[in-house]
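*Asks:*
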Amino acid sequence: MPRRRGLTVRFVARSVLALLLIGAGVSHLTWGRRGYRIVVPDWATRALHTDKDAIVVASGAAEVLLGVGLVALPRERRRVGAVVAAFFVAVFPGNVHQWRTGRSAPGLSTDRARFVRLFLQLPLVVWAWWATRER
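Here it is in structure tokens:
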């Protein structure tokens, strides 16, 4: 079956997800950097043998690169989508830690917001997976 050109729901979903990832990544690398350092769990620094700032910078860079990859690498779309989904799974323990310790980050300054954020992770995983599949 020939490939369809133009705007599709999956293309729009991929593009919006890419913008969200790039925006989150830029905030990790710039204005939100201090706030994100506060929520990095101590066990993560021990496990990765690095400091909190390096983790924030690495996760921000990963978000930017993954966001760009979603739109700039159409031939690798499925692989990039799988990596984005895995990234969302990988950061989930940090989200749980943030909720349990009550630490605020940009946009997550209340217990309710931190709790609701936990339930957004699964839709993000599904979104990344679905938006990068042909059908």
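Start counting at 1 in the sequence shown, then tack on 12, and there's your number in the working numbering. The beta-carbon is built from N, C-alpha and C at its ideal position, and this holds for glycine as well.
#1: Check this for me: beta carbons of G79 and A30, under 8 Å apart or not?
#2: Give me, in chain order, the residues of the same chain whose beta-carbon lies closer than 7 Å to that of D123; leave out the 5 immediate sequence neighbours on both sides.
#3: Tell me the DSSP secondary structure of L120 in three-state form.
#4: At the level of alpha carbons, what is the spacing between G37 and G44?
#5: So is I50 buried or exposed if we call it buried at 16+ other beta carbons inside 10 Å?
#6: Here's the rule: buried if 16 or more other CB atoms are within 10 angstroms of the residue's CB, otherwise exposed. What is G81?
#7: Compute the Euclidean distance between the alpha carbons of T57 and W139, then round it to the nearest angstrom.
*Replies:* Looking at the coordinates:
#1: Taking 8 Å as the Cβ cut-off, G79 and A30 qualify as a contacting pair.
#2: G114
#3: strand
#4: 10 Å
#5: If you draw a 10 Å sphere on the C-beta of I50, you find fewer than 16 other C-beta atoms in it, and that means exposed.
#6: buried
#7: 29 Å
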